[in-house]
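Note sheet for the following structure.
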Amino acid sequence: MSGFIYLFRTTEADQREAMGTPERAQRSMQAWLAWIRELEAKGHLKDPGQPLERSGAVVRGKKKVVTDGPYAESKDLVLGFIVVEAKNLEQAVELSKGCPMLEGAGSVEVRPVMEGPLS
Numbered sequence: 003m004s005g006f007i008y009l010f011r012t013t014e015a016d017q018r019e020a021m022g023t024p025e026r027a028q029r030s031m032q033a034w035l036a037w038i039r040e041l042e043a044k045g046h047l048k049d050p051g052q053p054l055e056r057s058g059a060v061v062r063g064k065k066k067v068v069t070d071g072p073y074a075e076s077k078d079l080v081l082g083f084i085v086v087e088a089k090n091l092e093q094a095v096e097l098s099k100g101c102p103m104l105e106g107a108g109s110v111e112v113r114p115v116m117e118g119p120l121s
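Residue 3 is where the sequence shown starts when you use the working numbering, and the numbers rise one by one after that.
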């Protein structure tokens, strides 16, 4: 089994929509917990990760230009991550399809964790 990281991305508007009322926030949290528990029960959850703050910075290029915000695109927020174990990228992608983030306009970026001298 190999490790894969899921990065959860959405827009600020979609995040407000999902968490806009106590009832919606509770439904959203229940859906997330159910999905995480299912991954764990099937032996795929390697690290439950953490939600991320909305602040941060990105450092780019040789000139080390610093931009406020941890955004992939100017409208995207990176909300958090988990690490799963899967046989290959195809299985990791299939497992990600149960993510509640995909019920809205959010996305799950699936990235293999490099194995080698740094791991």
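Where is the CB? At the ideal position from N, CA and C, for every residue including glycine.
So, with DSSP's three-state summary, where would you put residue i?
i: Val115; result: coil
i: Ala107; result: coil
Are the CB atoms of residue i and residue j nearer to each other than 8 Å?
i: Gly82; j: Gln52; result: yes
i: Arg11; j: Asp78; result: yes
i: Val85; j: Val115; result: yes
i: Ala59; j: Val67; result: no
i: Arg26; j: Ala33; result: no
Report the residue from the options whose alpha carbon sits nearest the alpha carbon of residue i.
i: Arg56; options: Met3, Val112, Glu14; result: Glu14
i: Met3; options: Arg113, Ala88, Ser98; result: Ala88
i: Pro50; options: Ile7, Ala27, Arg29; result: Ile7
i: Glu105; options: Gln17, Glu40, Val67; result: Gln17
(request) Jot down the residue ranges of each uninterrupted beta strand (DSSP E) in the stretch 28-71, minimum 3 residues, whole runs only, in chain order. (result) 47-53, 59-62, 67-70
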